[in-house]
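Enquirer: In our numbering, the protein residues as written are 52 to 182.
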Amino acid sequence: MSLEFDDDTCALLDGKNFAIVATLNEDGSPHTSAVWIARDGNAVLFSTTAERRKGRNLGRDPRISLTVTDAHNPYNSVDIQGTADLIEDPSKSLPRRLSRKYLGEDPPTEPADVVRLIVRVTPRKITGFSA
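1. What first and last residue would you give for the alpha helix (DSSP H) that runs through Thr-60?
2. Pick out whichever of Val-165, Phe-56 and Asp-59 has its Cα sitting closest to the Cα of Ser-142.
3. Which residue comes first and which comes last in the alpha helix (DSSP H) that contains Lys-176?
4. In the DSSP assignment, the alpha helix (DSSP H) including Gly-110 goes from what residue to what residue?
5. Using a threshold of 7 Å, state whether the C-beta atoms of Tyr-126 and Ala-182 are closer than that.
6. For Gly-106, count neighbouring Cβ atoms within 10 angstroms of its own Cβ and tell me buried if that reaches 16, exposed if not.
7. Leaving aside the five residues before and after Leu-173 along the sequence, list all residues of the same chain whose C-beta is less than 6 Å from its C-beta, in chain order.
8. Thr-74: beta carbon under 6 Å from a heavy atom of the ligand SAM?
9. Would you give the residue range spanned by the beta strand (DSSP E) that Ser-150 belongs to?
10. From this set, Ala-163, Asp-157, Val-129 and Leu-168, which residue's C-alpha is nearest Phe-69's C-alpha?
11. Going by the beta-carbon positions, is the gap between Ile-177 and Leu-96 smaller than 7 Å?
12. In its own chain, which residues sit with a C-beta less than 7 Å from the C-beta of Ile-138, not counting the 5 before and 5 after it?
13. When the Cα atoms are used, what is the spatial distance from Phe-56 to Lys-152?
14. Find out if the Cβ-Cβ distance for the pair Arg-103, Asp-65 is shorter than 7 Å.
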């Protein structure tokens, strides 16, 4: 069962805030990276490619954690732990949506052979922090 985001969490996810995503490497060590995000109801979306480490890690082990910090107040953040579903994005619609959100313009064209994935994170635990 998915958890619901409160208003403060929705504001963080809907803003131009970056998320730090943590996945698990094959040896159990953590891998982190910064990503652009979008909210879809009570799920978090981000884009990756099939060959990137986070995509490969999530294909093997769907456990994920992400932290979103308010760009204007770093003492306001939310940690979300959950599971990720990988969805092919042949039209590359999510990178376009995210680029428009964060930069106000379309992203550069990618080669046709790049396989884009939408990572859909279903939260299992949400912890907010505000100071």
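All C-beta atoms, glycine included, are put in the ideal place defined by N, C-alpha and C. Fair warning: this is a prediction, and the values are worked out from it, not measured in the lab.
Expert: By the coordinates alone:
1. Thr-60 -> alpha helix (DSSP H) spans 58 to 65.
2. The residue with the shortest Cα to Cα distance from Ser-142 is Val-165.
3. Per DSSP, Lys-176 lies in no alpha helix (DSSP H); the unbroken beta strand (DSSP E) holding it starts and ends at 167 to 180.
4. It spans 104 to 111 - the alpha helix (DSSP H) in which Gly-110 sits, taken as one unbroken run.
5. The Cβ atoms of Tyr-126 and Ala-182 lie closer than 7 Å to each other.
6. With 16 or more other Cβ atoms within 10 Å, it is buried.
7. Per the sequence presented here, residue 173 reads as Thr, with Leu not at that position. Same-chain partners within the cutoff: Ser-53, Ala-94, Gly-133 and Thr-134.
8. The model on display carries no ligand, and the ligand SAM is accordingly not part of it.
9. Where Ser-150 is concerned, there is no enclosing beta strand (DSSP E), although the alpha helix (DSSP H) it sits in stretches over 144 to 154.
10. Val-129
11. no
12. Leu-168, Ile-169 and Arg-171
13. Whole-angstrom Cα-Cα distance: 20 Å.
14. no
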